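Asker: The sequence shown runs contiguously to residue 386 in my numbering. Below is the structure I would like to discuss, written out as structure tokens.
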Amino acid sequence: ESGEDETNKEGSDDHLSLDHYVKIYNDLGHDVQIELEQKMEELAQARFTFPASPPVAQTSNSSASPLTASRAQQRSESLAVIVRDVHRTYPEHFLFQERGGRGQRMLARVLAVVSEYDPELSYCQGMNFIAGMLLTVFVDADAITGADAVELQEREQNGDVKVDNKPVAPGTLRFGEQCAFWVMTTLMESPRHRMRRCFIPGLPQIELCLVQFQLMLEYLVPDLNDHMEALCADSNFVMRPTCRLYSLSWFLTLFGNAHVPLSLRVWGNFFEHGWETLYRTGVAIMQHNAEAILKCESVEAMLQLLLDKSIFEDVDTIMVLFSELELPQALLA
């Protein structure tokens with residue numbers, strides 16, 4: 054418990070830093086580290102086979118308590134969804150291109166351990182993009198695209214495995230996975246990021262983001278917002294706030310579903326500044342694509358534009374607009 058409190062405290066004040074999260078891991082205490090290692094090893098031994106059909110929980114033992122059987126069923130259902138979602142996570146990134154490959158297995162293990170670590174929350178769709186992005190930061194590319202497992206094991210024994218070009222001590226081949234896990238759990242609980250509230254029932258953090266983002270569009274780009282609202286009214290399309298139509302996934306994945314270069318820039322700011330970063334990014338994207346949006350004559354055309362990844366490609370221009378924005382502080386409260 055003390056380790057979790059320390060994680061929350063540290064994570065609220067610092068942005069993404071490998072050394073920082075290594076310190077958090079080292080300060081957790083031996084018992085907590087052993088528990089995590091055991092969970093990681095159990096999942097590694099499970100040898101995810103990415104079945105075509107969801108796995109079935111083994112709950113036929115008559116001596117199993119109802120609570121144990123229920124938890125086993127929940128675990129089985131979570132793993133089935135995780136297995137399905139890893140195939141949809143950054144398929145264009147070399148780390149996750151091979152179906153059932155080492156990168157996808159790493160992602161599955163991280164998500165499964167997050168589910169085990171917080172069984173009340175378990176696994177929710179959207180977490181896969183967050184864990185996937187963290188793995189791209191912490192996992193050594195050579196360990197994924199290099200030689201076979203025998204060579205990797207020899208490299209590990211020789212202390213030759215690296216994360217972000219930094220040597221990793223022997224015995225920690227899955228060190229990158231552990232970093233991704235602890236950064237993710239820190240983001241879930243830190244006061245600055247409050248990401249756990251993105252995934253609990255009702256998605257309260259996401260609902261708040263959508264309302265605040267809609268108000269910012271009304272305040273900062275009123276002509277554009279009026280045009281979009283008029284398109285919705287003409288189509289008798291009622292959804293409030295209307296930005297939910299296209300921006301829900303932006304906030305749920307921290308723009309992880311966007312163009313990867315933009316995602317990395319957004320994340321670098323998010324770790325340091327929190328949710329204001331996402332509002333700035335969203336408004337900047339709308340400003341950058343305002344001319345094209347204003348030419349849309351229907352909701353369908355507008356959504357076809359805003360749901361296409363091409364709107365994220367001009368990263369430099371978007372980030373210039375991002376830096377020039379002055380958000381109304383009253384809407385950030």
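Idealized CB from N, CA, C, for every residue including glycine. All figures in this text were calculated on a predicted structure; none of them were measured in a lab.
(1) I'd like the span of the alpha helix (DSSP H) that includes Asp287, first residue to last.
(2) Buried or exposed for Thr238, please, with buried defined as at least 16 other CB atoms from any protein chain shown within 10 angstroms of its CB.
(3) Check whether the region 232-247 and the region 177-189 touch, using three or more Cβ-Cβ pairs below 8 Å as the test.
(4) Under 7 Å, do Gln267 and Pro244 count as touching if we go by C-beta distance?
(5) Would you mind sorting Glu443 into buried or exposed? The rule is 16 or more other CB atoms within 10 Å of its CB.
(6) What is the DSSP secondary structure of Pro172, counted as helix, strand or coil?
(7) Compute the Euclidean distance between the alpha carbons of Gly327 and Leu317, then round it to the nearest angstrom.
(8) Taking Ala383 as the reference, which of Ala345, Glu329 and Met355 has the closest Cα?
(9) Report the three-state DSSP secondary structure of Ala200 (helix, strand or coil).
(10) With 16 other CB atoms within 10 Å as the buried threshold, where does Leu284 fall?
(11) Given a cut-off of 7 Å on the beta-carbon distance, is the pair Phe308 and Val319 in contact?
(12) Using C-beta distances below 7 Å, list every residue in its chain close to Leu298, excluding the 5 sequence neighbours before and after it, in chain order.
(13) Can you name, in chain order, every residue of its own chain whose Cβ lies under 7 Å from the Cβ of Tyr332, other than the five neighbours on each side?
(14) Leaving aside the five residues before and after Asp213 along the sequence, list all residues of the same chain whose C-beta is less than 7 Å from its C-beta, in chain order.
(15) Look at Ser131 and Tyr176 and say whether their C-beta atoms are less than 7 Å apart.
(16) List the endpoints of the continuous alpha helix (DSSP H) containing Asp369.
(17) Taking its Cβ as the centre, do 16 or more other Cβ atoms sit within 10 Å of Ser351, making it buried, or is it exposed?
Answerer: In short:
(1) In the sequence shown, residue 287 corresponds to position 234, counting from 1. Unbroken alpha helix (DSSP H) run through Asp287: Pro275 to Asp287.
(2) Residue numbering aside, residue 238 sits at position 185 when the sequence shown is read from its first letter. Per the 10 Å Cβ criterion, buried.
(3) yes
(4) Your numbering for residue 267 matches position 214 in the sequence shown. Your numbering for residue 244 matches position 191 in the sequence shown. No, the pair does not count as a contact, with Cβ atoms beyond the cut-off.
(5) The shown model of the chain, from 54 to 386, leaves out residue 443, and the question about it has no answer.
(6) Translated into positions along the sequence shown, residue 172 becomes position 119. The answer is coil: DSSP assigns Pro172 none of H, G, I, E or B.
(7) The residue you call residue 327 lines up with position 274 of the sequence shown. The residue you call residue 317 lines up with position 264 of the sequence shown. Between Gly327 and Leu317, the C-alpha separation is close to 14 Å.
(8) Locating residue 383 in the sequence shown gives position 330, where the first residue counts as 1. The residue with the shortest Cα to Cα distance from Ala383 is Glu329.
(9) For the purposes of this step, residue 200 is taken as the residue at position 147 of the sequence shown. A caution first: Ala200 carries a pLDDT of 39, below 50, which makes its placement in the model too unreliable to give a value.
(10) In the sequence shown, counting from the first residue as 1, residue 284 sits at position 231. Leu284 should be labelled buried.
(11) On the sequence shown, position 255 is the one that residue 308 refers to. On the sequence shown, position 266 is the one that residue 319 refers to. Yes, they are a contact pair.
(12) Translated into the one-based positions of the sequence shown, residue 298 becomes position 245. Around Leu298: Met292 and Leu356.
(13) Your numbering for residue 332 matches position 279 in the sequence shown. Cβ within range, chain order: Gln265, Phe266, Met269 and Leu380.
(14) Residue mapping note: residue 213 aligns to position 160 of the sequence shown, counting from 1. Annotation note: pLDDT 47 at Asp213 (below 50); position unreliable, no value reported.
(15) Residue mapping note: residue 131 aligns to position 78 of the sequence shown, counting from 1. Residue mapping note: residue 176 aligns to position 123 of the sequence shown, counting from 1. Yes, the pair counts as a contact, with Cβ atoms nearer than the cut-off.
(16) Here residue 369 corresponds to residue number 316 of the sequence shown, with the count starting at 1. Note, Asp369: alpha helix (DSSP H), Val368 to Glu377.
(17) Counting from one through the sequence shown, the residue named residue 351 turns up at place 298. Exposed.
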